[in-house]
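What follows is a short report on a single structure.
Protein chains: 2
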Amino acid sequence: MEYQEAKDKFISTWGSLGSLWGINKAMAQIQALLFISTKPLSMEEIMEDLKISRGNTSMNLRQLMDWGIVTKTLVAGERKEFFTTEKDVQELARIIAVERSRREIKPVVKVLNDVSSITDDGTAKTKELIKQTKALHELTETMDVMINKLVNQKQNWITKSLLKLFK
Amino acid sequence: MEYQEAKDKFISTWGSLGSLWGINKAMAQIQALLFISTKPLSMEEIMEDLKISRGNTSMNLRQLMDWGIVTKTLVAGERKEFFTTEKDVQELARIIAVERSRREIKPVVKVLNDVSSITDDGTAKTKELIKQTKALHELTETMDVMINKLVNQKQNWITKSLLKLFK
DNA sequence: TTAAACTTTCAATAATTACTGAAAGTTTAA
DNA sequence: TTAAACTTTCAGTAATTATTGAAAGTTTAA
Chain A
1 MEYQEAKDKF
11 ISTWGSLGSL
21 WGINKAMAQI
31 QALLFISTKP
41 LSMEEIMEDL
51 KISRGNTSMN
61 LRQLMDWGIV
71 TKTLVAGERK
81 EFFTTEKDVQ
91 ELARIIAVER
101 SRREIKPVVK
111 VLNDVSSITD
121 DGTAKTKELI
131 KQTKALHELT
141 ETMDVMINKL
151 VNQKQNWITK
161 SLLKLFK
Chain B
1 MEYQEAKDKF
11 ISTWGSLGSL
21 WGINKAMAQI
31 QALLFISTKP
41 LSMEEIMEDL
51 KISRGNTSMN
61 LRQLMDWGIV
71 TKTLVAGERK
81 EFFTTEKDVQ
91 ELARIIAVER
101 SRREIKPVVK
111 VLNDVSSITD
121 DGTAKTKELI
131 KQTKALHELT
141 ETMDVMINKL
151 VNQKQNWITK
161 SLLKLFK
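First to last, the protein sequences are chains A and B.
So the first sequence is residues 1 to 167, counted in UniProt numbering.
So the second sequence is residues 1 to 167, counted in UniProt numbering.
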């Protein structure tokens, strides 16, 4: 396997993986492309490399910037905009964890809390609903706390956590 | 908010959440319904409650069984099949974690390993591809190991882990 | 056996989600 | 200013994914 094949394989795998963790294919592919690029890329270069339209590129770059994963970079002497992604995997993982917590987990915790707080009318089904959603609420919240604490350890957090868990 | 409203809210929230962790809406809704039910439910009851077709119900129940989250239960004196879901949230979380590791993480680790093992032809771009995919490989593998070890602690694993991490 | 009760399969279709491309908008250099 | 260089927006369309429903398949009781 030589460069081009390996590159394509990486980008397409990362792309289809994206949908699993809640971002779309193009978004994940753009990030992947930037991740292995040796220099900032322009919209033009991204479109050409991934064979996607200008509109699509623009929209997905914006989303990546909203996530805080990609940033605009100025290149001396160039008028157009260039883009780079966070290159440190641990930092990348931190950003993603925090964003997912904010976007996905927090809203769910809220709903679970609301649902589990309905008044107990004494019926078995109400009791079961309360009991189960309470358990889910507690679990989800614990996991969210865990993620947010882990992530605050910054430097080398994943390895550090692994060590802590199994020493 | 009384029972029916709370129930609907829970089922629809869980349903839309499903797509975030890689299962479809109907599948997540069926699981949610079983999760708060006080007794095993038949296909008929599930269809009616969620207003989905027989075919859809059948296919998604199968998937839930493939995941190991839902099981068939026999009800005395009844010919048709009844279904129940794992009721313990911690056990549920364990099953999901293990399955996701197997279905999603493991294949990615393999691709990353393949890609990062290409021969270094000395060019900057090849060096960058190798370096970055190696870093990603290492991280992904560490996280996978972490998940699998955590999950083997069985009883009360989430709370235990939280304590370990922050004592 | 057979036929009723039930479940599964799958082609057709609906619903959702992603993508394009051209027009509108913005910025910058002259 | 203005016009070239560039980016964003968004209605239309394409691609993907989920759902239906009816036919085929299976099981069980008589």
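Yeah, the Cβ is synthetic: ideal placement off N, Cα and C, and Gly gets one too.
Assigned exposure category for residue i - 16 Cβ within 10 Å defines buried
i                          : result
serine 53 (chain B)        : exposed
methionine 65 (chain B)    : exposed
lysine 7 (chain A)         : buried
phenylalanine 83 (chain A) : buried
residue 215 (chain B)      : No information on residue 215 (chain B) is available, as it lies outside the stretch 1 to 167 that chain B covers here.
asparagine 156 (chain B)   : exposed
leucine 129 (chain A)      : buried
glycine 18 (chain B)       : buried
leucine 74 (chain A)       : exposed
Spatially closest choice to residue i from the options, by CA coordinates
i                        : options                               : result
glutamate 78 (chain B)   : B:Thr133, B:Met146, B:Ser42           : B:Ser42
glutamate 86 (chain B)   : B:Lys39, B:Leu163, B:Leu136, B:Leu150 : B:Lys39
residue 199 (chain B)    : A:Gly55, A:Ser12, A:Ser19, A:Phe35    : Residue 199 (chain B) cannot be examined here, being either before or after the span of chain B that is shown, 1 to 167.
asparagine 148 (chain B) : B:Lys106, B:Leu20, B:Thr119, B:Ser58  : B:Lys106
aspartate 88 (chain A)   : A:Met59, A:Lys80, A:Leu112, A:Lys154  : A:Lys154
arginine 102 (chain A)   : A:Lys51, A:Asp49, A:Asp144            : A:Asp144
Cross-chain neighbours of residue i in chain B, by beta carbon under 9 angstroms
i                       : result
glutamine 132 (chain A) : Phe10, Phe35, Ile36, Lys87, Val89
Cβ pair residue i, residue j closer than 8 angstroms
i                        : j                          : result
alanine 26 (chain B)     : phenylalanine 10 (chain B) : no
glutamine 4 (chain A)    : tryptophan 14 (chain A)    : no
isoleucine 46 (chain B)  : isoleucine 69 (chain B)    : no
histidine 137 (chain A)  : valine 98 (chain A)        : no
isoleucine 158 (chain A) : alanine 93 (chain A)       : yes
lysine 134 (chain B)     : lysine 164 (chain A)       : no
leucine 20 (chain A)     : methionine 146 (chain B)   : no
First and last residue of the uninterrupted alpha helix (DSSP H) at residue i
i                       : result
threonine 159 (chain A) : 157 to 166
proline 107 (chain A)   : 106 to 116
Amino acids of chain A, ordered along the chain, whose beta-carbon sits closer than 8 angstroms to that of residue i
i                    : result
serine 101 (chain B) : Chain A residues near serine 101 (chain B): none, gap ~12 angstroms exceeds 8 angstroms.
Partner residues on chain B for residue i, Cβ-Cβ distance less than 8 angstroms
i                     : result
serine 161 (chain A)  : Met146, Leu165
leucine 129 (chain A) : Tyr3, Ala6, Lys7, Phe10, Ile36
lysine 25 (chain A)   : The contacting residues do not exist; lysine 25 (chain A) stays about 14 angstroms from chain B at best.
Extent of the continuous beta strand (DSSP E) run through residue i
i                      : result
threonine 85 (chain B) : 82 to 85
threonine 73 (chain A) : 70 to 73
Proximal residues of chain B, C-beta to C-beta of residue i below 7 angstroms
i                    : result
valine 108 (chain A) : Thr13, Leu17
glycine 22 (chain A) : Leu20
Partner residues on chain A for residue i, Cβ-Cβ distance less than 9 angstroms
i                       : result
methionine 59 (chain B) : Neighbours of methionine 59 (chain B) on chain A: none; closest Cβ ~20 angstroms, over 9 angstroms.
Interface partners of residue i on chain A, CB under 7 angstroms
i                      : result
threonine 71 (chain B) : Near threonine 71 (chain B) there are no residues of chain A at all, since even the closest Cβ is about 17 angstroms away, more than 7 angstroms.
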